[in-house]
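Using UniProt numbering, the letters of the sequence shown map in sequence onto residues 1 to 984. Where is the CB? At the ideal position from N, CA and C, for every residue including glycine. Here's the structure, in C-alpha cells; my notes come after.
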Amino acid sequence: MKSKYWLDLKHFRPLNLQKIFGDHPPPIAEIASVSFGTINGNCVCVMISLLRQMTDLHYRAYIQSFPTTYDLMDFLMEILCVFRDLVQRNVYPQDWLEMIMVQNCVILRALRFFASTIHECFSSPFEQQLWNNFFHCAISFLTQESLQLDNFSISKRNKIISRYKDMRRETGFEIRSMWFKLGVNKIKFIPQLVGPILEMTLIPEIELRKATIPIFFDMMHHEYIQPIPNSHLIQGNFNEFENEMITQLDMLIEGGRGDEQYMELFTETMGHLCEGNATMCELGLQFVGTIHNLLERLLVYRTIMMDDVREHRMSCIVNLLDFYHEINRQEMYIRYLNKLYGLHLACDNFTEAAHTLILYAKLLQWSDKELDPMLLSSIHRDARTHRELKERLYYDIISNFDKGKMWEKGIELCEELCKLYKEEMFDYVSLSNILKRQAGLYDCIMKQMRPEPEYFRVGYFGGGFPSFLQNKVFIYRGKEYERLADFNARMQTLFPHAELMRTLDHPSQDVLESEKQYLQINAVSPVMETKSQFAGRYISDQILRYYKVNEVQQFTYSRRKEDGSGDVTNMWLERTYMTTSYPLPGIVGWFLVMDFKTISVSPIENAIETMEEKNKNLKSLIDQHRQDSSLRSDPLGMQLNGIVDPAVSGGIANYKEFYIGEFNHDLQTRLRAATTDQVSLVRDGLLVHKSKAPEALQPFHSHMEQRFTQMCNMIEREYGIKVAEKGFLGATLRRNQSLPSTSSSRVSDLSVASLVTNQDNGWRSYKPQRPTTVSPASGPNNTPRNNSLATRSQSVWVKDKSNSSSSSGTKEKSGSSSSLSLSKVSTLSTLKKRVSQVTEQFGSNADLSHRNSLESAPQQLSHPPIELSEQLTPKRPLRPDADQRRPSRPPSGTSQASLSGSRAKSGSANSIASSHSGGTYPSRNSADVGDDLMNNVATTPEEPPPLPEKHHSYGDIMMGAGFGLGDVSFRRASSVSQAGNRQK
1 MKSKYWLDLK
11 HFRPLNLQKI
21 FGDHPPPIAE
31 IASVSFGTIN
41 GNCVCVMISL
51 LRQMTDLHYR
61 AYIQSFPTTY
71 DLMDFLMEIL
81 CVFRDLVQRN
91 VYPQDWLEMI
101 MVQNCVILRA
111 LRFFASTIHE
121 CFSSPFEQQL
131 WNNFFHCAIS
141 FLTQESLQLD
151 NFSISKRNKI
161 ISRYKDMRRE
171 TGFEIRSMWF
181 KLGVNKIKFI
191 PQLVGPILEM
201 TLIPEIELRK
211 ATIPIFFDMM
221 HHEYIQPIPN
231 SHLIQGNFNE
241 FENEMITQLD
251 MLIEGGRGDE
261 QYMELFTETM
271 GHLCEGNATM
281 CELGLQFVGT
291 IHNLLERLLV
301 YRTIMMDDVR
311 EHRMSCIVNL
321 LDFYHEINRQ
331 EMYIRYLNKL
341 YGLHLACDNF
351 TEAAHTLILY
361 AKLLQWSDKE
371 LDPMLLSSIH
381 RDARTHRELK
391 ERLYYDIISN
401 FDKGKMWEKG
411 IELCEELCKL
421 YKEEMFDYVS
431 LSNILKRQAG
441 LYDCIMKQMR
451 PEPEYFRVGY
461 FGGGFPSFLQ
471 NKVFIYRGKE
481 YERLADFNAR
491 MQTLFPHAEL
501 MRTLDHPSQD
511 VLESEKQYLQ
521 INAVSPVMET
531 KSQFAGRYIS
541 DQILRYYKVN
551 EVQQFTYSRR
561 KEDGSGDVTN
571 MWLERTYMTT
581 SYPLPGIVGW
591 FLVMDFKTIS
601 VSPIENAIET
611 MEEKNKNLKS
621 LIDQHRQDSS
631 LRSDPLGMQL
641 NGIVDPAVSG
651 GIANYKEFYI
661 GEFNHDLQTR
671 LRAATTDQVS
681 LVRDGLLVHK
691 SKAPEALQPF
701 HSHMEQRFTQ
711 MCNMIEREYG
721 IKVAEKGFLG
731 ATLRRNQSLP
741 STSSSRVSDL
751 SVASLVTNQD
761 NGWRSYKPQR
771 PTTVSPASGP
781 NNTPRNNSLA
791 TRSQSVWVKD
801 KSNSSSSSGT
811 KEKSGSSSSL
821 SLSKVSTLST
831 LKKRVSQVTE
841 QFGSNADLSH
851 RNSLESAPQQ
861 LSHPPIELSE
871 QLTPKRPLRP
881 DADQRRPSRP
891 PSGTSQASLS
901 GSRAKSGSAN
911 SIASSHSGGT
921 YPSRNSADVG
931 DDLMNNVATT
941 PEEPPPLPEK
951 HHSYGDIMMG
961 AGFGLGDVSF
971 RRASSVSQAG
981 NRQK
C-alpha cells in the first residue's frame, strides 16, 4: 500500500503532468483558466484530493525522493506557480464556496511544508528566485477574493471561521517568519517585495496588520545599515524603500485598499519602532509622518473620487499635487497633473487647464536631451526630447489661454517662443507664425470685451466637511457673469446638507467642533498689485481692466461696526485683508487663505473710498461707450441718475459734515478732489448719454441735466467747492469743432483761443492753438485732480458786449429801426453766459486726460492766443427789411403749424444771424457741433421779453424753450412777432 502511494504521486509531479493531460497538454499556467467541466478541472480535483490525503510523513518522503537538489528546486518552483494560478483563476464556480475553501485549506497546508523545505535546503546556497516565488505565491493566496471574510455576511463569516479559521492570519504569520529567516539576504528583496507586502498589510484584519507592519521597519533598517562598497561607511538612508512605498501606496489606496484604522495603526507601530532605534530615529519619524500625511490625502481622494462633483475631485488632486511637490516625487506629480488637466477640459475650465500645463512645462528644458520615462506625455506620445515636448505644450497652453480670454498670459508664452525661434533655432517660418498669433492676441485685448469675474470668500466650518476643507477659508473666482446669489446656490448644490451662516462673525468653538456643515459666504474685492512698468504712463483702461481682477493674491471686504446708528458720519467700518496661497486664477479657481489682517476705517475715509469707487466705475462705463457705439445707454443713464438724483441713498448730501466740519486736512482735500472729479465725470457722461439716448429718453435726460445743475450749485453754495461748469442751464450754443463722442482720448481736441475785437464788424474773432500734451507727475498714489487748475478752451463765437448793447424803449405799433428790443438784450446776455459754460465743458477734457494714468498730478495749461485771419460770414443771406418783405402771409390757421415747424427745424438750424445796423451774427452749422451738445436745454427768462416791432427785422435770435421736452428750440424773433400779431 505504501509503494502504491509513491507510484501515484510520481505521476503528479509538475514535470510529468503531460502524461495525464494527453499528447497535447495545455501549459501548466493555463490549468486554472479552464472551466470546471473540462478535463483540466477534473485533474485539479484529483490533485487536490491527493494532496489532501498526504500527511507530513508523505510530504517528507516525497521531497527526499528527488535525486538532486536541482530537481527538487524545479518541482518547488513549478508547484508554487500552479498554486498561484489556482488562487488567482479559480476553476470552481464562485458559489461553490465549500470546494473553494477545501482547496485553500489544502494549499495552505502544502505551503507550510514547502516553506520549511525551502528554508532548510535553499538558504545556503541561497536561491533567490525560489524564495521570491514563495513570497509571491503566499501573498497571492492571502489576498485572494474568496478569503476576504469582510465581504461575506455575518453568518457565512462565522461559519467559515468555525470550520476553517481565518486562513489569512495563518498565512501572514508564515510570511513574516520566512522574511526574518532571510538574514543578510533581505537586501535582495528591497524594494521588490515592498508592494506585495504592503498589499498584504492593507487587508482589514487587525492581528494580521500587527504581525506584518513591522516588516517595513526591518526593511528600512536593513537598507539604512547597508555598507557602501569599497568603504567603511554605511548608506545612512532608505531612499529606495521610501520611493517604492509611496508609489505602491498611491496605487493600492486608489484601488480601494486601506482605511483610517490602518493609517493610525501604521503610524503608531512604526513610530514606536523608530523611537526605539537611536540610529535612525529622526529620519524614521520623518518618514512615518510623510506616510501618515499621504495616507490621509489618499483616503480622502478615494472617497471623493466616488462622488460626481468634479470640484471636490480637483481639490483632492491639488492637495496631492502640493504633497508630491514638497517631497519631490516627480513621477507622481506628473501623474496627477495629467488627471487635473483632463478634469479641467471636461469642465471647460480653459484658464485653469492652461495653468496646469504650465506646471508640466516647467519640468522640461529647452534642450535636445532625451526624455526620462517619467516625463513622457500621454498627450504627445511621439515627443522624445525636452524641447519637442515643451514646444508642443506651449502651443496647447496658448490655445487654452485664448479660449479662456487670458490673452495677456498667452502673449508671455509667445514672447518666449519668439526668442527661441529667433536666437536659438533660427526658425523664421515658426517665428513668423508665432508673431501673427501674438498680434491676434493683442487685437483681442483692445477690441474684445470680456466679463470681469467676481470673487467670493467661503468658510467651511464644522467636522462634517472633508478633512481638506474643515475649518478653512478659501477665496473662489466666480464664473462668467456669476453673482453672489448664483454662487450661493451653486455652493449649496455641492453641499446640500450644509447650513448657510447669516453673519460674518468668527464661528464659535461649538460650531468648529460640531459634526455638521456650516458655510460662510460673502463677496470680496481683489486688490490690484501696482505694476512698475505702468507708473507715470497713459494706460488704456482696456489694458488696466485685466490686472484689476487677474493675477491677484490679496482680497478685501468691509462690514459695519455695530453702533446702532445709521448716520454715515458715524459709520465706522471693519476691513479685512486676506492673502491666498497662490495668485488667482491658477491651477484651480480657488485657493486657501493663508493670512488675515483687520483694520478700522473712519467715516470720512469711507466717504472718500465710496466716491472714488463710484468715479472709477463711471469712468470705465463712459470709456466703454466711447469705444463701442453699439452699447445701450440705459446702464449709463441709471448710473448717472443715481449720482445726480439719489432718491434713496442721499448721495453727496450725506457727506456735508465732512466738507465743513473739522476733520483731517489731507482727508478733506482728498474728498474735495474726488468731488470735483465726479462733477467732471458726470458732465462727460451726460454728454455721451445725450448723443446716444433715443427720443423716448430725452425727458429723462433733461431731468438729469436739471438735477446736475442743482447739484453743482449746491456744491458751490454749501461746500465751498468751485465747480466751473454749472450744468446745462442757459441758452445752448454749439461748437464749430466738436469732440467725437467715440474718442477714447481724454485730451480735448478743441482749439484754445483768445478773444480780440474786430473793428470792421464789431465782432470778436478767435486765434486757434494746438492742444498741449500734459505729462503726469510721478507719485506713489493716484491722487484726484483739481479741475479748476486747468484752462478751459473756448469754442463758440460771442458778440462783443460793447457792440451788442440795446436800449429799453417802449413798444410801438409803428416800428422804429433805431434800437434792439428787450428780447434781444435778454437773449444775448444769456447767450454770453452760456458761452462760458460750453467752453468750460469741453476745455476741461484736457484735465481729464490724466485719469487713465496710474500716477498723475494736477498741472496748469497755458494757451497763448493766436488770431484768426479768416472772416466768418453767414451761410445764408440776411433777411430783407420789413418794407421789402412780401406782404403775403400764411393763413392764420397755419400760423401755429408754421411756428411748430420752425421749432422742429431748429434742431438742425444752420445759423444764428441778425440784421441790425449792419451787424451780422456768424453762421453755425449743427454738424460741427457734434452729438454732445445737440438738443441741449435752454432756460426761459423769468420775464418774457417784449415782442419786437412788426415792421423791423431783428435776425435770428435763439430763444430758450425750458425743460419741457428736453429739446433746444432756436426761434426766430421775427417769426414769433408775426405769430403774435396774427393772434391779435
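What are the boundary residues of the alpha helix (DSSP H) that Ser140 is part of? Gln128 to Thr143
Complete runs of the beta strand (DSSP E) confined to the stretch 524-580 [at least 3 residues]: Listed in chain order, they are 552-560.
Pull up the distance between the alpha-carbon of Ser849 and that of Glu551, whole angstroms please. Because the pLDDT of Ser849 is 37, which lies under 50, any placement of that residue in the model is unreliable, and the question is left without a value.
Start and end of the beta strand (DSSP E) containing Thr598? Trp590 to Val601
Give me the Cα-Cα distance between Pro204 and His292, rounded to the nearest whole angstrom. 17 Å
Using only CA atoms, which one of Cys45, Gln533, Leu337 and His355 lies nearest to Cys316? Answer by Cα proximity: Leu337.
6 Å Cβ shell around Val46 - same chain, five flanking residues per side excluded: none
Out of Asp541, Asp150 and Thr385, which one is the CA nearest neighbour of Asp372? Thr385
Quick check: the Cα distance between Asp567 and Ser558, rounded to an integer number of angstroms? 17 Å
Are three or more beta carbon pairs between the stretch 609-620 and the stretch 375-394 nearer than 8 Å? no
Just to confirm, are Leu592 and Phe474 a CB contact at a threshold of 8 Å? yes
Candidates Leu363, Pro583 and Pro603, of which the one nearest Glu574 by Cα: Pro603
Close beta carbons around Phe21, own chain, < 6 Å, minus the five adjacent residues each side: Confidence in Phe21 is poor, its pLDDT being 40 and thus under 50, which makes the residue's placement unreliable; the coordinate value appears in the next sentence. Result list for Phe21: empty, nothing under 6 Å.
Rounding to the nearest angstrom, what Cα-Cα distance links Met374 and Tyr360 in this structure? 12 Å
Any idea which residues DSSP pairs Ile721 with across the strands? Per DSSP, none; premise fails for Ile721.
Could you compute how far the alpha carbon of Glu529 sits from the alpha carbon of His136? 59 Å
I'd like to know whether the C-beta atoms of His703 and Ser633 end up nearer to each other than 8 Å. Not in contact: His703 and Ser633 (Cβ atoms no closer than 8 Å).
Restricting to Cα atoms, I'd like to know which of Met306, Phe401, Ile63 and Phe180 is closest to Leu345. Phe401
Taking the alpha helix (DSSP H) that Phe83 belongs to, which residues open and close that run? From DSSP, the alpha helix (DSSP H) with Phe83 extends over Thr69 to Gln88.
Less than 8 Å separating the beta-carbons of Leu343 and Met314? yes
Give me the residue from Ile608, Val588, Ser581 and Asn606 with the minimum Cα distance to Asp595. Comparing Cα-Cα distances from Asp595 to each of Ile608, Val588, Ser581 and Asn606, the minimum goes to Ser581.
Start-to-end residues for the beta strand (DSSP E) that takes in Arg257: Taken as a continuous stretch (DSSP letters only), Arg257 belongs to no beta strand (DSSP E), as it is neither H nor E.
Rounded to a whole number of angstroms, what is the C-alpha to C-alpha distance between Met167 and Ser177? 16 Å
Going straight from the alpha carbon of Tyr224 to that of Gln235, what length do you get? Inter-residue distance for Tyr224 and Gln235 is about 6 Å (C-alpha atoms, whole angstroms).
Tell me whether the stretch 72-88 and the stretch 127-143 touch, counting them as touching only if at least three CB pairs, one residue from each stretch, are closer than 8 Å. yes
Could you tell me the distance, in whole angstroms, from the CA atom of Val309 to the CA atom of Phe663? 54 Å
Does the distance from the CB of Leu130 to the CB of Phe122 come in under 8 Å? yes
DSSP beta-bridge partners for Gln94? For Gln94, which the question treats as bridged, DSSP gives no partner whatsoever.
Identify which residue in Gly255, Tyr333, Glu282 and Thr279 has its Cα closest to the Cα of Lys303. Reading off the sequence, residue 303 comes out as Thr, not Lys. For the set Gly255, Tyr333, Glu282 and Thr279, the Cα lying nearest the Cα of Thr303 is the one of Gly255.
In three-state DSSP terms, what is Val429? helix
Is there contact here, the stretch 207-220 with the stretch 235-250, by at least three beta-carbon pairs under 8 Å? Cβ pair count under 8 Å is three or more, so yes.
Which residues in the same chain as Ala29 place their Cβ atom closer than 6 Å to its Cβ, once the five residues preceding and following it in sequence are excluded? Low per-residue confidence applies at Ala29: pLDDT is 38, beneath 50, and the placement is therefore not dependable enough to give any value.
Should Leu667 and Tyr659 be called a contact, given that it needs their Cβ atoms to be closer than 8 Å? no
Span of the beta strand (DSSP E) holding Thr472? A quick correction: the sequence has Lys, not Thr, at residue 472. Per DSSP, Lys472 belongs to the beta strand (DSSP E) from Lys472 to Arg477.
Thinking C-alpha only, which one of Lys339, Gln192 and Leu149 is nearest Ile206? Leu149
With 16 other CB atoms within 10 Å as the buried threshold, where does Tyr481 fall? exposed
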